[in-house]
Every structure is written in structure tokens, then in C-alpha cells.
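Following the numbering used here, the numbering of the sequence shown begins with 1 at its first residue and continues without gaps. For each residue, glycine too, the CB sits at the ideal point set by N, CA and C. It should be emphasised that the depicted structure is a prediction, and the values quoted were computed from it without experimental measurement. See below for the structure under consideration.
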Amino acid sequence: MEASAVAALYPAHRCKTLYLVRHAQGFHNAAEESDVIDHTSPALLDAQLTPLGWSQVDCLRDHVTKCGLAKKIELVIVSPLMRTLQTAVGVFGGGNYTDGVSAPPLMVEGAENSGRQPISSLNCPPFLAAEACREQLVFPYHLLQNK
């Protein structure tokens with residue numbers, strides 16, 4: 001039997017493609033680049049995006065739009081952490097929000113002091129924030145041994 005005639009385990013027309021996207025740079029990432037970091041700092045546990053992170057979001061949004069992937073996304077599943085929400089909404093959201101449009105914004109203007117314009121929910125896939133997607137903090141106890 002030819003290789004092309006072999007049936008797949010599951011029909012391709014019923015399969016979904018899963019894309020995994022890591023959040024853009026958050027303030028916790030920038031802090032890790034320095035020698036001193038307090039892993040227990042509340043500001044770092046749910047860090048928002050840095051200006052570089054927002055630039056990364058803009059670049060990924062442009063890429064996803066230009067390659068046509070934006071039109072194929074059926075659902076965005078995201079962690080409820082601020083940096084992941086900001087990344088997901090910035091990349092897969094409906095673009096700049098306009099007052100008077102019937103669709104509500106996904107992100108309001110300047111959310112979390114980001115300085116960003118509001119992002120619309122119009123013409124974008126549904127979003128689902130799932131607690132199961134949240135990263136788990138594992139404190140690096142080996143750092144305590146060095147003190």
C-alpha cells in the first residue's frame with residue numbers, strides 16, 4: 001500500500017490547529033535580567049507588559065494579520081494574568097475601539113497604566129481566560145541557601 005493511501009488516525013478535516021503564544025516581555029522578565037529580584041513581590045506576580053513587550057505585541061499582531069492567520073483563529077484561550085491578557089488582546093483583538101460601536105472594548109484606554117488605545121471586541125475571536133492556564137509559582141529555594 002502506498003504511503004499516501006494510509007488513513008490518518010483522525011480525519012484531517014475534523015482536526016483543529018493549536019497555536020501556542022508566550023506572553024510578550026513583562027516587568028517580571030525585565031527584573032530577572034538584573035542581579036537582584038524579589039520573586040515574592042506582588043508587582044511581579046501579576047506583572048504587566050513593558051514598553052518593549054507592547055512593541056513585541058504590535059510586531060506579532062502585524063505578522064499574524066499579514067500571513068492571514070488572524071482570520072483563521074476561532075478561539076483564544078489565555079491565562080488570567082495581566083501580561084497574558086494584554087498580549088492576547090493586543091495580538092488577536094479587534095483593533096482600535098471606536099466610540100458608538102455596538103461591540104464593547106476588550107481593553108479600555110490606558111488599562112493598567114499601559115498608555116495604550118482601547119481595543120475593540122469587534123470582528124475578533126472569542127476569548128476565554130482559564131485559571132488552568134495560569135503559571136504556577138515555584139519559589140527557587142536554592143537561592144535561600146546561598147544567603
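DSSP, read as helix, strand or coil, puts Val21 in coil. Exclusion of the five residues before and after Thr50 leaves Gln25, Phe27 and Ala30 as the residues of its chain whose Cβ lies within less than 6 Å of its Cβ.
Following the DSSP letters along the chain, one finds Leu49 in no alpha helix (DSSP H), marked with neither H nor E.
Between the C-alpha atoms of Gly93 and Thr65 there is a straight-line separation of about 11 Å. In the three-state reduction of the DSSP assignment, Pro42 falls in the helix class. Assigned with DSSP and collapsed to three states, Leu128 falls in strand. Distance from the CA atom of Glu109 to the CA atom of Pro125, rounded to whole angstroms, is 20 Å. For Val76, the enclosing beta strand (DSSP E) has its first and last residue at Val76 to Val78. For Leu85, the enclosing alpha helix (DSSP H) covers residues Met82 to Phe92.
Ile119 and Met107 have their C-alpha atoms roughly 5 Å apart. Only residues of its own chain outside the window of five on either side were considered, and among them Ile77, Val78, Ser79 and Pro80 have a CB closer than 8 Å to the CB of Ala130, listed in chain order.
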